[in-house]
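Trainee: If you read the sequence shown in the working numbering, its first letter stands for residue 158, the second for the next number, and so on. Before anything else, here's the structure in question.
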Amino acid sequence: MEIPNSTLADISSSCSRRSIKGQSSIMARYIFYILPLVKKHLGRWKQAARQCQSSELRLQALLSIKHKDFHCQGGAVFALAADSRREELTALIVAYQTICDYLDNLCDRAGCTEGRAFQQLHRALIVALSPGKAHEDYYQYYPYKNDGGYLQQLVEECQHWVQQMPSWSLVEKESLQLVNLYSNLQVYKHLMTDIREEQLKEWIMSEAKSYPDLYWQEFAAACGSTLALFALMALAASEDLSAEEVKSSLNAYFPWICSLHILLDYYIDRQEDLEGGDLNFTFYYTDREEILERLKLLVRQSHRCASKLSNSALAKTIVEGLLALYLSDPKVKQQAFQQSASELLAESGPPAFRTYQLCKVVRKFL
């Protein structure tokens, strides 16, 4: 359902009254400019998904767009950082996130638990960020194969737009490192239940040695977020990027903001994951009190790192937006998490609460 024009006008007026600068301006531009672009591109990919010849692949492609479109909507906020290349960056982020969501469904929903099948599927994410690299047989070990070229089209779209980014060479190495972490996490977390936890922990312990302040599940959560990658994509759109900017941005988003992102997602999904027997990183805390204290720590660390970035207003808006998005979800009330939500919003500060109120209004029309 569309948000009525009267509601959009109220939102716009509210943003204007709070001075059209900084974070208020970011929210206004995001709502009125970026979200319509995301909708347009998702519409294109929905049409392409309908061409999948395998009924199972077609189903999973369409379901991933229908139920996970908010991933693209959230990721596309980074396009605001690219004044002259917003449309190109939005197209890139939507295509890349659509691959992630599609592959997640293939690993999670189609009855396959074969590790090498998941690993081969996720090669698409590497090729997508490697302009000129030839396609591989992504479905080589997967039971369903004929997607009518859907995955290849998504990969080629990413390759095309990556090639247009003037500073891609400065972020390519770090981007591929993030993709490898993401892909490996996806492989381990979707293995058969009797082996996944042990293998996942063993892998995480080998990767997280440089982050002694994080619990293993917090580092694992960070690996599952695409926010750091999208931040690097936004930097790549700049003509005069420095190596120092790349380093500071990566250190802010990974692991802190990325970990907060995914743990909030898991936090509101606790009940349904418990009922479904699904892996949930919040299950590895002692109790709800410990979860809350660690989330507060991640909020503080995320803000501290965000404040050091040259585009600190956008980074802080993203932190506040994560809290607002997840804590305004009806699942919070269903699980009686309102007090925890209030404490987390308070930890972030008044702007997070204002964004939370905005999210609650928008949710009424979705």
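Quick reminder that beta carbons are idealized off the backbone N, C-alpha and C, glycines included.
Which value, in whole angstroms, describes the spacing of the CA atoms of TRP325 and SER459?
Mentor: Computed Cα separation, rounded: 25 Å.
Trainee: Taking only runs that begin and end inside the region 388–418, name each unbroken alpha helix (DSSP H) of 4 or more residues, in chain order.
Mentor: Those alpha helix (DSSP H) runs which fall completely within the region 388–418 and span 4+ residues are 400–409.
Trainee: Which of the three DSSP states is assigned to LYS178 in this structure?
Mentor: Residue confidence for LYS178 is low, a pLDDT of 49 falling below 50, so the modelled location carries little weight and cannot support an answer.
Trainee: Alpha helix (DSSP H) containing ALA239: first to last residue?
Mentor: Unbroken run through ALA239: none, as it is neither H nor E.
Trainee: Going along the chain, which residues of its own chain have a beta-carbon closer than 7 Å to the beta-carbon of ARG427, five neighbours each way excluded?
Mentor: Here the set comprises ASN437, THR439, GLN492.
Trainee: For GLY306, tell me which candidate among CYS229, GLN334, ALA206 has the shortest Cα-Cα distance.
Mentor: Of CYS229, GLN334, ALA206, the residue nearest in Cα terms is ALA206.
Trainee: Taking the alpha carbon of ASN468 as the reference point, which residue from ALA239, ILE188, GLN217 has its own alpha carbon closest?
Mentor: Nearest of ALA239, ILE188, GLN217 to ASN468, Cα basis: ALA239.
Trainee: Classify GLN496: buried if its beta carbon has 16 or more other beta carbons within 10 angstroms, exposed otherwise.
Mentor: By the 10 Å Cβ count, GLN496 comes out exposed.
Trainee: CB GLU500 to CB LEU449, shorter than 9 Å?
Mentor: In this structure, LEU449 lies closer than 9 Å to GLU500 by Cβ.
Trainee: List in chain order: all unbroken beta strand (DSSP E) runs of 3+ residues lying wholly within the region 412–500.
Mentor: Taking only runs of at least 3 residues, no beta strand (DSSP E) segment lies wholly in the region 412–500.
Trainee: Quick one, which of ARG461, CYS209, GLU245, PHE275 has its alpha-carbon nearest LYS197's?
Mentor: Taking only the C-alpha atoms, the option nearest LYS197 is GLU245.
Trainee: How many angstroms separate the CA atom of LYS290 from the CA atom of LYS223?
Mentor: Taking the straight line joining both Cα atoms gives about 30 Å.
Trainee: If you count every other CB in all the chains shown that lies within 10 Å of the CB of THR255, and 16 or more means buried, which is it?
Mentor: Per the 10 Å Cβ criterion, buried.
Trainee: Using CA coordinates, which residue listed in LEU260, ALA503, TRP413 is at the minimum distance from LEU371?
Mentor: Checked all of LEU260, ALA503, TRP413; the closest Cα to LEU371 is TRP413.
Trainee: Do LEU398 and VAL328 have their C-beta atoms within less than 9 Å of each other?
Mentor: For LEU398 and VAL328, yes; Cβs fall inside 9 Å.
Trainee: Do GLU375 and LEU335 have their CB atoms nearer than 9 Å?
Mentor: No, they are not a contact pair.
Trainee: Which class does GLU271 belong to by DSSP, given the choice of helix, strand or coil?
Mentor: Three-state DSSP puts GLU271 in coil, outside helix and strand.
Trainee: What are the start and end residues of the alpha helix (DSSP H) that includes ASP351?
Mentor: Per DSSP, ASP351 belongs to the alpha helix (DSSP H) from 350–364.
Trainee: Which same chain residues end up closer than 7 Å to GLU402 when comparing Cβ atoms and leaving out the 5 residues on each side of it in sequence?
Mentor: These residues qualify, in order along the chain: LEU392, SER467.
Trainee: Round the Cβ separation of TYR301 and SER221 to the nearest angstrom and send it over; I've been treating them as touching at under 8 Å.
Mentor: TYR301 to SER221, Cβ: 14 Å. No contact.
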